[in-house]
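Engineer: This is the structure I have questions about; it appears just below.
Protein chains: 2
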Amino acid sequence: MSAPEIEQLIHLLAKLPAFGPRSARRAVLFLLNKKESHFAPLITAMQSVRDKIVACPICGNMDTSVPCAICSDSNRNQGQICVVRDVADLWALERAGVFKGVYHVLGGVLSALDGIGPEELRIQELLDKVASGGAEEIILALPATVEGQTTAHYLADRLDGYPVKLSALSRGVPVGGELDYLDDGTLQMAFKSRRGL
Amino acid sequence: MSAPEIEQLIHLLAKLPAFGPRSARRAVLFLLNKKESHFAPLITAMQSVRDKIVACPICGNMDTSVPCAICSDSNRNQGQICVVRDVADLWALERAGVFKGVYHVLGGVLSALDGIGPEELRIQELLDKVASGGAEEIILALPATVEGQTTAHYLADRLDGYPVKLSALSRGVPVGGELDYLDDGTLQMAFKSRRGL
Chain A
596 MSAPEIEQLI HLLAKLPAFG PRSARRAVLF LLNKKESHFA PLITAMQSVR
646 DKIVACPICG NMDTSVPCAI CSDSNRNQGQ ICVVRDVADL WALERAGVFK
696 GVYHVLGGVL SALDGIGPEE LRIQELLDKV ASGGAEEIIL ALPATVEGQT
746 TAHYLADRLD GYPVKLSALS RGVPVGGELD YLDDGTLQMA FKSRRGL
Chain B
596 MSAPEIEQLI HLLAKLPAFG PRSARRAVLF LLNKKESHFA PLITAMQSVR
646 DKIVACPICG NMDTSVPCAI CSDSNRNQGQ ICVVRDVADL WALERAGVFK
696 GVYHVLGGVL SALDGIGPEE LRIQELLDKV ASGGAEEIIL ALPATVEGQT
746 TAHYLADRLD GYPVKLSALS RGVPVGGELD YLDDGTLQMA FKSRRGL
């Protein structure tokens, strides 16, 4: 076998999502062949992220500042709160650049199979935000999966009675979508939610 | 967008083989969620590999010692030299544990398309080893691709005339291989190289 230092690095890399033992080995060899141009900068970048990035106590986003750049941006509508499953989904919406409010990261969705109940998610924090006033609209941007929709229903129930507007992302044919390739559920939803022209 | 520290790390991770921007983002979030249990050990392991691992000047393997553990192992037959494309292939043969000689890593295979000629590979080093005596057998364990076989033919030509036995890995049906699923080339090769029982 190769040196224990290499085995240890392969072992740790292989646990990353989208990585396995084989791709971890290839990555280690890639880095060893580019020690100065890639390996050294990667280690520096990792240290920097590890030392400087913290979870925002308000929304749950990952950033260098507390509160994060989004929560402390006075140009954004702090009364419009978009509820997302995780930071990856928050980043996806930010990349799309369509939303100028703030976020609330749940940290997951309800899942009986995975043993994730309301206590495991940042749901109480969301209710506290709404109860303390200041929230005008809650936009549920949760995955269109069974778990995502269960979570959305649960949140709608819990938010019932608060003076806040509740909305969710629309469903339908995605941009560039060929009807022939779409699943039946999406087609049914797109028909039921058809718009007048 | 997220913090520049995170963007920089995603940018560097995305260049690794088997990684792209999306999986790099997921890896960064995974690490941020496991700062102490995974992120810190990963950085330490990377530093250790970067500082301690060097290419063996004799065979080209990556190891902590110079020469590497394989080249300095007196239990291995130093006269049997297995020629491989890269360190990944060397490790694959070591995992299989069938070979008790030493290796010679070429650093690639000849490829007109990629502009890789004999000068780019460690071919002269191999010829020097053979010319200096001590090599009894050269085993070509190169990929069964057009480039791999071109390289094997080229090496056989260059080694012609030296008092050394030349061999190559056998071709045929892989263990567990269903004939129905094998490509025509492999089936033809397996037929041509059929063995008497």
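Protein chains in written order, with this note's numbering: chain A, 596 to 792; chain B, 596 to 792.
Yeah, the Cβ is synthetic: ideal placement off N, Cα and C, and Gly gets one too.
No experiment lies behind these values; they were computed from the predicted model shown.
1. Distance, Cα to Cα, residue 738 (chain A) vs residue 704 (chain A)?
2. Taking a Cβ distance cut-off of 8 angstroms, strictly less, list which residues of the stretch 619-633 of chain A are near chain B, in chain order.
3. Do residue 678 (chain A) and residue 699 (chain A) come within 8 angstroms of each other at the CB atom, strictly closer than that value?
4. For residue 636 (chain B), return the contacting residues in chain D, with the cut-off set at a CB-CB distance below 9 angstroms.
5. Could you compute how far the alpha carbon of residue 781 (chain A) sits from the alpha carbon of residue 741 (chain B)?
6. What are the boundary residues of the alpha helix (DSSP H) that residue 785 (chain B) is part of?
7. Return the chain-ordered list of same chain residues with a C-beta closer than 6 angstroms to the C-beta of residue 745 (chain A), the five sequence neighbours on each side being excluded.
8. I need the straight-line Cα distance from residue 724 (chain B) to residue 733 (chain B), nearest angstrom please.
9. Just tell me which of B:731, B:649 and B:628 has its CA closest to the CA of residue 760 (chain B).
10. Whether or not the stretch 638-655 of chain B and the stretch 636-656 of chain A are in contact is what I'm after, with contact meaning three or more pairs of Cβ atoms, one per stretch, closer than 8 angstroms; do they touch?
11. In whole angstroms, what separates the C-alpha of residue 624 (chain A) from that of residue 786 (chain B)?
12. Check this for me: beta carbons of residue 697 (chain A) and residue 675 (chain A), under 8 angstroms apart or not?
13. Which whole-angstrom value is the C-beta distance of residue 645 (chain B) and residue 630 (chain A), which I expect to be below 8 angstroms?
14. Note the first and the last residue of the continuous alpha helix (DSSP H) segment covering residue 734 (chain B).
15. Spatial neighbours of residue 695 (chain A) within its chain, please: C-beta separation below 7 angstroms, excluding the five flanking residues on both sides.
16. Are the C-beta of residue 614 (chain B) and some C-beta of chain A separated by less than 8 angstroms?
17. What residues from chain B crowd round residue 643 (chain A), counting only those whose CB sits closer than 8 angstroms?
Structural biologist: This is what the structure gives:
1. 9 angstroms
2. 620, 621, 622, 623, 624, 625, 626, 627, 630 and 633
3. yes
4. Here the protein chains are A and B, and chain D is not one of them.
5. Spanning the alpha carbons of residue 781 (chain A) and residue 741 (chain B) requires a straight line of approximately 46 angstroms.
6. 779-787
7. 705
8. In this model, residue 724 (chain B) and residue 733 (chain B) are separated by some 11 angstroms (Cα to Cα).
9. B:731
10. yes
11. 37 angstroms
12. If you check the CB distance, residue 697 (chain A) and residue 675 (chain A) come in under 8 angstroms.
13. 6 angstroms
14. Run containing residue 734 (chain B): none in the alpha helix (DSSP H); it sits in the beta strand (DSSP E), 732-735.
15. 671 and 672
16. yes
17. 600, 603 and 604
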